[in-house]
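Its first residue numbered 110, the sequence shown is counted upward by one per residue in our numbering.
Shown next, in structure tokens, is the structure this report addresses.
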Amino acid sequence: MYTKFISLISIVLAIFLISSAAHSQMTVDQILDNMVKEFEKGIQDIDDYTVTTNMYTAEYKKTYVDGRPTFKSRVRVRGMEQLSGGAISTSSMGHSDFFDTDMFNYLKENAEYRGTETIDGARTHTVFVSELRDLVTDANADQAKNVHFFVDADMWVLRKMEFDVQMEDSPGQAQTMNAIVRFQDFRTIEGMQMPFKTVMEMEGLDSAISDAEREEARKSMEELQKQLDAMPAQQRSMMENMLGPQLRQLENMLAGEKFEIVIQVEEVKVNTGLTDELFN
Numbered sequence: 110m111y112t113k114f115i116s117l118i119s120i121v122l123a124i125f126l127i128s129s130a131a132h133s134q135m136t137v138d139q140i141l142d143n144m145v146k147e148f149e150k151g152i153q154d155i156d157d158y159t160v161t162t163n164m165y166t167a168e169y170k171k172t173y174v175d176g177r178p179t180f181k182s183r184v185r186v187r188g189m190e191q192l193s194g195g196a197i198s199t200s201s202m203g204h205s206d207f208f209d210t211d212m213f214n215y216l217k218e219n220a221e222y223r224g225t226e227t228i229d230g231a232r233t234h235t236v237f238v239s240e241l242r243d244l245v246t247d248a249n250a251d252q253a254k255n256v257h258f259f260v261d262a263d264m265w266v267l268r269k270m271e272f273d274v275q276m277e278d279s280p281g282q283a284q285t286m287n288a289i290v291r292f293q294d295f296r297t298i299e300g301m302q303m304p305f306k307t308v309m310e311m312e313g314l315d316s317a318i319s320d321a322e323r324e325e326a327r328k329s330m331e332e333l334q335k336q337l338d339a340m341p342a343q344q345r346s347m348m349e350n351m352l353g354p355q356l357r358q359l360e361n362m363l364a365g366e367k368f369e370i371v372i373q374v375e376e377v378k379v380n381t382g383l384t385d386e387l388f389n
């Protein structure tokens with residue numbers, strides 16, 4: 110069950126870490142080019158930055174691919190170091206996927222324009238692609254399909270994504286889940302636009318979990334609770350504050366309720382001197 114859960118979250122996060130009133134009719138090329146232009150203008154004075162949220166800390170280091178700026182990144186999930194008994198390895202997520210040249214070329218070749226829609230009071234352009242391949246490097250990872258990007262027509266940032274994920278239960282049998290990611294509370298950080306709140310909703314995840322996997326998840330949660338109970342009071346309180354919301358959401362999912370994750374940015378530090386060696 111956890112392999113499926115982590116795979117789905119990886120797609121959502123990977124998609125997360127991508128992260129004018131225009132004429133009435135736009136093209137996919139124009140929308141993507143405007144996004145790149147605004148992105149590159151916003152990061153001119155940024156060499157590195159660190160984002161701390163209620164769930165993880167992400168570090169970014171500017172690099173250049175084919176002469177264009179993008180970011181390498183790595184993520185550390187809050188609380189996992191303590192639960193694993195020490196420092197855990199932090200994986201590099203590579204270059205910023207959404208502004209990667211290969212990703213843009215893929216979208217320009219395969220995506221289509223679907224008109225405009227109002228999202229959180231902002232006029233957006235809708236870009237649709239039937240599937241996104243190679244979004245997650247794991248060859249066995251589930252693919253995102255029927256992907257809708259909602260791009261702000263003035264700020265040229267991503268306001269919302271909606272997509273389906275097919276997870277294979279057994280050979281020849283698959284369950285489809287729907288995921289919605291909303292990017293909200295945009296703020297300007299040293300010229301760069303950043304959403305300080307991200308809300309991810311998943312529907313259908315419960316139906317993709319077998320009774321055996323559900324029981325395995327419950328046992329894992331019981332084991333986690335035992336680890337928390339064995340900690341000193343102060344450390345246990347800190348861990349419960351960090352992991353409590355996520356554990357409650359997992360419990361809701363196992364109970365058949367909608368699974369929702371809210372990621373809230375708590376602090377952003379810019380140009381602190383992160384070195385390239387951290388991302389190797």
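We treat Cβ as the ideally placed atom computed from N, Cα and C, and that holds for glycine.
The model shown is predicted, which means the values in this text are computed figures rather than measured ones.
Query, Result
"Looking at D229: is its Cβ nearer than 8 Å to the Cβ of K254?", "no"
"Going by DSSP in three states, L136 sits in which element: helix, strand or coil?", "The sequence given here places Thr at residue 136; Leu does not occur at that position. DSSP places T136 in coil when its eight states are reduced to three."
"Where does F388 sit, in a helix, a strand or coil, going by DSSP?", "helix"
"Per the contact definition of three or more C-beta pairs closer than 8 Å, is the segment 256-274 in contact with the segment 289-296?", "yes"
"Over the uninterrupted beta strand (DSSP E) stretch that includes D211, give me the two end residues.", "Here D211 belongs to no beta strand (DSSP E); instead the alpha helix (DSSP H) covers T210 to N219."
"Give the DSSP-derived three-state secondary structure of N255 in the structure shown.", "strand"
"Per DSSP, which residues does D157 bridge with? Please list them.", "K170"
"How big is the Cα-Cα spacing for E386 and K170?", "10 Å"
"Take N380 as the anchor and find which of M311, V184 and E299 has the nearest alpha-carbon.", "E299"
"I'd like the span of the beta strand (DSSP E) that includes P304, first residue to last.", "M301 to E312"
"Report buried or exposed for K103, applying the criterion of at least 16 other Cβ atoms within 10 angstroms of its Cβ.", "An answer regarding residue 103 cannot be provided, because it is not within the stretch 110 to 389 covered by the chain."
"Span of the beta strand (DSSP E) holding R232?", "A231 to L241"
"What do you reckon, are the CB atoms on T307 and I372 nearer than 8 Å?", "yes"
"Pick out whichever of P178, M264 and L383 has its Cα sitting closest to the Cα of E147.", "M264"
"Confirm, please, whether the CB-CB distance from T225 to E375 is below 8 Å.", "no"
"Take E310 and list the residues in its own chain whose beta-carbon comes closer than 6 Å to its own, dropping the five residues that flank it on each side.", "I289 and E369"
"Take D156 and list the residues in its own chain whose beta-carbon comes closer than 7 Å to its own, dropping the five residues that flank it on each side.", "K171 and N380"
"Got a sec: is the Cβ-Cβ distance from F292 to anything in chain E below 8 Å?", "In the structure shown, chain E cannot be found, because there is only a single protein chain."
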